[in-house]
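Mapping of the sequence shown onto my numbering: residues 104 to 523, in sequence order. The beta carbon of each residue, even a glycine, is placed where N, CA and C say it ideally should be. Remember, predicted model here, so these are calculated numbers, not experimental data. Heads up, the thing below is written out as structure tokens.
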Amino acid sequence: MSTAEAALTAELLESRRKAEELSALLDAERKRAHEAEKKLQEKEKILQEANRKNIDHELVRKQRDALKQDLAALKQHSQRFSNASGAVDVVIPGLQANAKTVQSQITTHFAKLRSQIQEREDKLHALVESLAEEKLAALKQQKLRMDAIVAECEKAITATEACLEGDDWSLLTSREAVAAQAGRAISNTCKLEAEWSEKIQATLPGTVAEIVESHGVVTLAAIDDFETDWHKDLSVVSRVAEPPRCLTAARPSEGHSDFGFMFDVEARDVSVCVRALHLSSGAGWGPYTYTVYSAPGPWKAIKDKKKRWTQVGKSSAKLPKAKDGQAEIRLNEEGVHIASKQTVCFYVHSADHMTAVAFTHAPRSLEGKLLPQGAIIDEDSHVRILTGAKTCSGDPFASVATDTVRAFAGSLEYLLWCES
């Protein structure tokens, strides 16, 4: 080892020795500081014990018991909602599975609808096409016969003209033959077939008919009987094929009338679409302008809240007196839909006269008892009409009179919208 390396090694050893000494001094200082801190904490504890007031052990016990009760309640509350959360986790997959099943059923159902509709459309097309081909064939046969008649007439015309152009002797000798030829040509004819519309009436099955009714329902009946009730579901996407129904009040008006009348209609086990109201008036005057409003739910809670109502019809009509019958107040084309087991209120009003709308005052049951507000006035197997109230002002929704029970005294025209 060289002198320089030996000097460097000695220097390193000396530095290491000094570092170890410094480390030992630091450890000693840390130990003294820890002991001093511990003594300080003991002095602070002694001081706090000296300054602490006497403890109310009964109060501590009560507070401890209260905390224990809170803890038990918290655990019970947490467990209850933990159980509920677990139940939701169980329900969610079932709900999702049920939704998928229903979606699949809907897809299958409407696929069948489309198939059956297409089948009936194809049958109608084929039927009309067959009739058209039959008619064309008949017309072609008629044309051939007509062309043959024309040719025969042309020959007779030529022979007649030649006879006329000849001398007198030729005319006298050939006249009978030419006349006989002309007679045969003229006697030839062909019977014309019936008009196509008559042909259709005579050929098509009686069940095929286009129905165009006054309320705007346009449908095409089936060629054959339905195997299932699938066609009833078409009501959710198109007009209902069956004719409208009417629920007529069993208690006609006895002369009571005013500017307007509001009442409730409840759908029973099927959804319905109200298309018109048939009403009478107190005096039979007019024509007056009538406006019809509707709103979901009973009328009583919103009787004077115009913003909650929607106008669903407006027309001019001369309503007869109750004893002379009723006249129609038609609603908008889409009508008013009432879902199964739901209630919709109606309000018909005219600002033209205080006798514009007739109603029944103080309706009574079959036993003669006064019916209460909210009672069923009239019903059939699909809808119910409940009690109502008159309005005594030319301004709609003003002066709603609820001092006594009153009833709708007209007829409710409706369609079955879809079977339940």
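- Taking the CA atoms as reference points, residue 241 sits about 15 Å from residue 231.
- Per DSSP, residue 418 is one residue of the beta strand (DSSP E) stretching across 413 to 420.
- Looking at the backbone, the Cα of residue 205 and that of residue 213 are separated by about 12 Å.
- Sixteen is the threshold: since fewer than 16 other Cβ atoms of the shown chains lie within 10 Å of the Cβ of residue 208, the residue is exposed.
- Taking all protein chains in view, the Cβ of residue 249 is surrounded by fewer than 16 other Cβ atoms within 10 Å, so the residue is classified as exposed.
- Taking the Cβ atoms as the reference, residue 517 lies roughly 6 Å from residue 486, within the contact range of under 8 Å.
- Note on the stretch 359 to 404: there is no whole alpha helix (DSSP H) run with a minimum of 4 residues.
- Residue 354 carries a coil assignment under DSSP once its states are collapsed to helix, strand and coil.
- Taking a contact to require three or more Cβ pairs closer than 8 Å, the stretch 404 to 411 and the stretch 476 to 483 do not qualify as touching.
- Between residue 280 and residue 255 a beta carbon distance of about 15 Å is seen, past the 8 Å cut, so the two are scored as non-contacting.
- Put simply, the backbone Cα of residue 260 is about 47 Å away from that of residue 228.
- Going by DSSP, residue 228 is part of the alpha helix (DSSP H) stretching over 160 to 268.
- Comparing alpha-carbon positions, the option among 278, 460, 371 and 226 lying closest to residue 444 turns out to be 371.
- In this structure residue 354 is in contact with residue 510, their Cβ atoms being roughly 6 Å apart against a cut-off of 8 Å.
- If you compare the alpha carbons of 390, 501, 386 and 364 with that of residue 380, the shortest gap goes to 364.
- Spatial neighbours of residue 349 in its own chain (CB-CB distance under 6 Å, excluding positions within 5 residues in sequence) are listed in chain order as 514 and 516.
- When only Cα atoms are considered, residue 168 and residue 147 end up about 31 Å apart.
- For the 8 Å CB-CB criterion, residue 489 and residue 471 do not form a contact.
- Exposed is the label assigned to residue 467, since fewer than 16 other Cβ atoms lie within 10 Å of its Cβ.
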